[in-house]
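Peer 1: Residue numbers (my numbering): 10 to 401. Cβ atoms here follow ideal geometry from the backbone N, Cα and C, with glycine treated the same way. As the structure is a prediction and not an experimental result, all values here were calculated from the model. Quick one: the structure is below, questions incoming.
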Amino acid sequence: MFDINRVRSQFSSLSQGFVFLDAPGGTQVPDSVGAAVAQNFKDASGNIGFPYETSQRIGALVDEARARSAAFLGCTADEIIFGANMTSLNFTLSRTLGRDLSAGDEILVTRLDHDANVAPWLELARDRDLVVHEVDIRDDTTLDVEHLERLLGPRTKVVALPLASNAVGTTVDVARVASLAHAAGALVWVDAVQYAPHFPIDVRALDADVLLCSSYKFCGPHLGIAYGRRELLESWRPYKARPVGLDPVGHRFETGTLPYELLAALVATYDYLEGIGGIDEVTAWERALGERLLAGLPERVRLFGSPTMDDRVPTFLVNFEGVSSDDLSVALAKEGFGVWSGDNYYALGLYERVAWGTALRIGLSHYNTVEEIDRFTDVLGVLVAQGGGRRG
Ligand SMILES: Cc1ncc(COP(=O)(O)O)c(C=O)c1O
C-alpha cells in the first residue's frame with residue numbers, strides 16, 4: 010500500500026498548502042536531496058583523484074552515482090554518462106555519432122518528440138548534409154508505426170523517439186520500434202525524460218542504443234543522465250581533453266569536472282525512491298490519480314491524447330472552448346494550483362499537427378493526493394463555468 014502521508018512528509022515544499030500539478034516541467038524535491046548537496050560540500054570538497062580522504066570520497070561518490078543510475082536504467086555502471094541536462098547530453102552524443110555519418114544518411118525523428126530530441130538532429134543534418142524525416146502520429150496522438158516502417162530505409166542511421174510525450178502524455182512502444190529499426194540497421198535513440206518519473210525503465214528490454222533522462226523530473230537535482238550501449242560507446246571517438254582516461258567508457262563523453270554535489274543529490278534521490286517502494290509503486294498510485302482526474306474534468310473539456318490511463322503517463326493537455334487557458338492558469342495559481350498554460354510545449358511537430366492553440370498541461374506526480382485532485386477539478390469546473398476567471 011502506497012503511504013502517501015509518508016511520501017509527503019519528506020517534502021517541505023508540500024507542506025505549504027499549494028498544489029503542484031506541474032510535474033512534467035519539474036518536480037518538487039524531498040528535503041533529503043537538498044541536504045545531500047549541503048552535506049557533500051562539507052564532506053567531499055575539491056576534486057577527484059587525490060590520495061586524501063575528502064578527495065577519495067568524491068571518487069566513491071561518482072562510482073556510486075554511476076552504479077545507482079545503472080540500476081535505475083537496467084544497464085552497467087560504465088554505460089552511464091552524466092551531463093548538465095538532457096539537451097546538452099543529446100547535442101554532445103549526437104554530434105559524436107555524427108563523426109561517423111556521411112552526406113545523405115538519414116535520421117528519423119517523430120512528431121511526438123520534444124525539440125531536445127529533434128533540434129540536435131536538425132543541426133547535425135545541417136552541418137553534415139544528412140536528411141531528417143519526421144514520423145507522423147495518428148489522430149489519437151499515438152505514433153504511426155506503419156509510417157515509420159515506410160520511412161525506414163538502407164540509409165537510416167538513427168531512429169530518435171520518445172518513450173512518452175511531454176505535452177500529451179502519450180507513450181510509445183519503443184521495443185517494437187527497436188526491432189524494426191535494428192532490422193534496418195539503425196540505432197534506437199530514446200528520450201525517456203517524461204517516462205522515467207512514471208514507469209520503471211529497462212534499456213535491455215527496450216533494446217535501446219542510447220537513452221536519456223533528467224533527474225529533476227523525478228524529484229532529483231538538475232542533471233542529465235544518459236545510457237549508451239557499451240560497444241557503441243567504445244566505437245565512438247569522444248570529444249575530450251586528451252589526458253582524460255578512457256575508462257569507464259561512459260566517462261569519455263563527460264567533458265570537464267562533474268557536479269559532485271548534484272551526484273550526491275542524485276544518490277539521495279534514488280534512496281528516496283527506493284524508500285517509497287520504487288517506481289513500480291509510483292506507477293500504480295499515479296494511475297489511480299489519473300483516473301480520478303479524468304473522471305472529474307469538466308464536461309466541456311477538450312482533451313488532447315488518450316482519454317483513459319492506457320498508453321499514457323499522467324500528463325494531460327486540455328482546453329475549453331471560449332475560455333482562455335492563460336487566464337485559467339493565472340486564476341488557478343491564485344486559488345493555489347500550479348498548472349502551466351502554453352502553446353507548443355517544445356513539441357513543435359505535435360503542435361503543428363494537433364494545433365490546440367493554447368492549453369493547460371496538468372501533470373501529476375506520485376506526491377499528489379486524491380484530495381488535491383478532487384479539489385482541483387472542483388475549482389477548475391467553477392472557473393470554466395465563469396469563463397476562466399479574469400486576470401488582475
Ligand atoms: C520529453 C523531454 N525531453 C527533453 C527535455 C529536455 O530536458 P532538459 O531540461 O534536461 O534538457 C524535456 C524537458 O522538459 C522533455 O520534457
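Excluding sequence positions up to five away, which residues of its chain have a Cβ less than 7 angstroms from the Cβ of E295?
Peer 2: Reading the sequence shown from its first residue, position 286 is the one you call residue 295. Counting only Cβ-Cβ distances below 7 angstroms, and skipping sequence neighbours, we find H207, P323, L373, H375.
Peer 1: With the cut-off set at 8 angstroms, would you say D218 and L189 are in Cβ contact?
Peer 2: The count along the sequence shown starts at 1 and reaches residue 218 at position 209. The count along the sequence shown starts at 1 and reaches residue 189 at position 180. No.
Peer 1: Suppose you measure from the CA of L389 to the CA of G26; what does that come to, to the nearest Å?
Peer 2: Within the sequence shown, residue 389 is the residue found at index 380, counting from 1. Within the sequence shown, residue 26 is the residue found at index 17, counting from 1. So the two alpha carbons sit approximately 17 angstroms from each other.
Peer 1: So D200 is in the beta strand (DSSP E); what residue range does that whole segment cover?
Peer 2: Sequence index remark: in the sequence shown, residue 200 carries index 191 (1-based). Run containing D200: 196-200, per the beta strand (DSSP E) assignment.
Peer 1: If you follow the alpha helix (DSSP H) that F385 is part of, which residue opens it and which one closes it?
Peer 2: Within the sequence shown, the letter at position 376 stands for residue 385. Run containing F385: 379-394, per the alpha helix (DSSP H) assignment.
Peer 1: Keeping to the same chain, check which residues put their C-beta closer than 8 angstroms to that of G401; ignore five residues upstream and five downstream.
Peer 2: By 1-based counting over the sequence shown, the position of residue 401 is 392. Here G401 scores only 42 on pLDDT, less than 50, and its place in the model is too uncertain to base an answer on.
Peer 1: Is P33 near ligand 1, going by C-beta to nearest heavy atom under 7 angstroms?
Peer 2: In the sequence shown, counting from the first residue as 1, residue 33 sits at position 24. Because some heavy atom of ligand 1 lies under 7 angstroms away, the Cβ of P33 counts as near it: yes.
Peer 1: Does the beta-carbon of H123, which I'm using as the reference point, lie nearer than 7 angstroms to any heavy atom of ligand 1?
Peer 2: On the sequence shown, residue 123 is found 114 positions in, with the first residue counted as 1. H123 Cβ: within cutoff of ligand 1.
Peer 1: Among residues of its own chain, excluding the 5 on either side of L242, which ones have a beta-carbon nearer than 6 angstroms to its beta-carbon?
Peer 2: Residue 242 sits at position 233 when you count from the first residue of the sequence shown. Closer than 6 angstroms at the Cβ level, and outside the excluded window around L242, lie V258.
Peer 1: Identify whether N353 lies in helix, strand or coil by the three-state DSSP scheme.
Peer 2: Here the question's residue 353 lines up with position 344 in the sequence shown. Correct three-state label for N353: coil.
Peer 1: If you reduce the DSSP assignment to three classes, tell me which class G345 lands in.
Peer 2: Counting from 1 along the sequence shown, the entry for residue 345 is found at position 336. Of the three classes helix, strand and coil, the one that applies to G345 here is coil, per DSSP.
Peer 1: Comparing C-alpha positions only, which one of S315, A342, F11 sits nearest to T180?
Peer 2: Here residue 180 corresponds to residue number 171 of the sequence shown, with the count starting at 1. The option with the nearest alpha carbon to T180 is S315.
Peer 1: What does the alpha-carbon distance come out to for the pair E115 and L121?
Peer 2: Stepping through the sequence shown from its first residue, residue 115 is reached at position 106. Stepping through the sequence shown from its first residue, residue 121 is reached at position 112. E115 and L121 have their C-alpha atoms spaced approximately 18 angstroms apart.
Peer 1: Where in the region 216-255 do unbroken runs of the beta strand (DSSP E), each at least 3 residues long, occur, reported from the N-terminal end onward?
Peer 2: 219-223, 233-237
Peer 1: Out of G162, T105, G229, point me to the one whose CA is closest to S244's CA.
Peer 2: For this step, residue 244 is matched to residue 235 along the sequence shown. When only C-alpha atoms are compared, the closest one is T105.
Peer 1: With a threshold of 7 angstroms (Cβ to nearest heavy atom), would Q48 be considered close to ligand 1?
Peer 2: As a first step, residue 48 is located in the sequence shown; it is residue number 39 there, counting from the start. False, no ligand heavy atom lies under 7 angstroms from that Cβ.
Peer 1: So what does DSSP say about I13, is it helix, strand or coil?
Peer 2: Taking the sequence shown and counting its residues from 1, the one referred to as residue 13 is at position 4. Looking at I13 - three-state DSSP - the assignment turns out to be helix.
Peer 1: Does the pairing of the region 94-111 with the region 129-147 give three or more beta-carbon distances under 8 angstroms?
Peer 2: The region 94-111 vs the region 129-147: in contact.
Peer 1: Shorter than 7 angstroms, the distance from the beta carbon of T96 to the closest heavy atom of ligand 1, or not?
Peer 2: Within the sequence shown, the letter at position 87 stands for residue 96. Yes; taking the cut-off as 7 angstroms, the Cβ of T96 has a heavy atom of ligand 1 nearer than that.
Peer 1: Which one or two residues does DSSP pair with A53 in a beta bridge?
Peer 2: Locating residue 53 in the sequence shown gives position 44, where the first residue counts as 1. Paired residue(s): none; A53 is not in a bridge.
Peer 1: Among F325, E143, Y236, A214, whose alpha-carbon lies nearest the alpha-carbon of L161?
Peer 2: Here residue 161 is taken as the residue at index 152 of the sequence shown, counted from 1. Comparing Cα positions, the closest option is E143.
Peer 1: Short check: CB of V253 to CB of L220, under 8 angstroms?
Peer 2: Translated into positions along the sequence shown, residue 253 becomes position 244. Translated into positions along the sequence shown, residue 220 becomes position 211. Cβ distance not < 8 angstroms, so V253 and L220 don't count as in contact.
Peer 1: Which residue's Cα is closest to the Cα of S97: R135, T264, P209?
Peer 2: Taking the first residue of the sequence shown as position 1, residue 97 is located at position 88. Per the Cα distances, T264.
Peer 1: Does the distance between the C-beta of P129 and the nearest non-hydrogen atom of ligand 1 fall short of 7 angstroms?
Peer 2: Sequence index remark: in the sequence shown, residue 129 carries index 120 (1-based). No - ligand 1 has no heavy atom lying nearer than 7 angstroms to the Cβ of P129.
Peer 1: Going by the CB atoms, is the gap between G299 and T386 shorter than 8 angstroms?
Peer 2: Here residue 386 is taken as the residue at index 377 of the sequence shown, counted from 1. Here residue 299 is taken as the residue at index 290 of the sequence shown, counted from 1. Taking 8 angstroms as the Cβ cut-off, T386 and G299 do not qualify as a contacting pair.
Peer 1: Give a yes or no on whether the C-beta atoms belonging to S414 and L369 are separated by under 8 angstroms.
Peer 2: Beyond the ends of the chain as shown, which are 10 and 401, falls residue 414; an answer cannot be given.
Peer 1: Name the DSSP beta bridge partners of F29, please?
Peer 2: Residue mapping note: residue 29 aligns to position 20 of the sequence shown, counting from 1. Beta-bridge pairing links F29 to G347.
Peer 1: Which same chain residues, not among the five before or five after I13, have their C-beta less than 7 angstroms away from its C-beta?
Peer 2: The residue given as residue 13 occupies position 4 in the sequence shown. Answer for I13: T378, listed in chain order.
Peer 1: If you pair each beta-carbon of the region 86-96 with each one of the region 143-154, do three or more pairs fall below 8 angstroms?
Peer 2: Counting Cβ pairs under 8 angstroms, fewer than three are found: no touch.
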